[in-house]
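Scroll down for the structure; my scribbles are underneath it.
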Amino acid sequence: AVSRINELRARHGVPPLTWSTTLERYAQNWADNCYFEHSYGPYGETLGLGNITIVIEQWYDEICMYNYARPGWMPATGHFTQFIWARTRRIGCAVGYCPTGSTDARGFLWNGPVV
Numbered sequence: 017a018v019s020r021i022n023e024l025r026a027r028h029g030v031p032p033l034t035w036s037t038t039l040e041r042y043a044q045n046w047a048d049n050c051y052f053e054h055s056y057g058p059y060g061e062t063l064g065l066g067n068i069t070i071v072i073e074q075w076y077d078e079i080c081m082y083n084y085a086r087p088g089w090m091p092a093t094g095h096f097t098q099f100i101w102a103r104t105r106r107i108g109c110a111v112g113y114c115p116t117g118s119t120d121a122r123g124f125l126w127n128g129p130v131v
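Here is the structure:
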C-alpha cells in the first residue's frame, strides 16, 4: 500500500512517505476498536473499506474533482489531498476485522499530519 501511494505521490513531485510506528499504533488501536469514523485527533486520517489496492485507486481518482486553480483541501477531494499533500511526510496503516452481522468489514486507516 505504501509503495503504491509513494508511486502516486511521485507523479506530483512530492517526496515519498516514511513509515511511522507511532502512527501505525494509533491506526491499529482505532481499527481494533472497529471505529469507522474520524477521530478528530492530532493526525489526518483516510478511511476505507475493502481491498486496499482498490481503495487507494478510489482515493486517487478524486484528482478529477481537484481544483488546481484553488489548491487546498475540500470535502470531495479530502482523501486525494491528504496523501498527495507535500507536507504529509509520514504514514501508519492498520487493518481491523470487525463483524457486521453476516459478513466481516475490513477497515483501513491511514494517518499523516493534518492538512
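So for the sequence shown, the numbering used here puts the first residue at 17; every next one is plus one.
Just so it is clear, CB atoms sit at the ideal spot from N, CA and C, and this is done for glycine as well.
- Taking C-beta atoms under 8 Å as the contact rule, residue 110 and residue 47 qualify, at a distance of about 4 Å.
- Taking 9 Å as the cut-off, the beta carbon of residue 33 is found closer than this to the beta carbon of residue 22.
- Judged by DSSP secondary structure, residue 84 falls outside any alpha helix (DSSP H); it is assigned neither H nor E.
- Distance check between residue 60 and each of 108, 45, 113 places 108 closest, using alpha-carbon atoms only.
- Under the three-state reduction of DSSP, residue 91 is assigned to helix.
- Here DSSP, grouped into helix, strand and coil, assigns residue 97 to helix.
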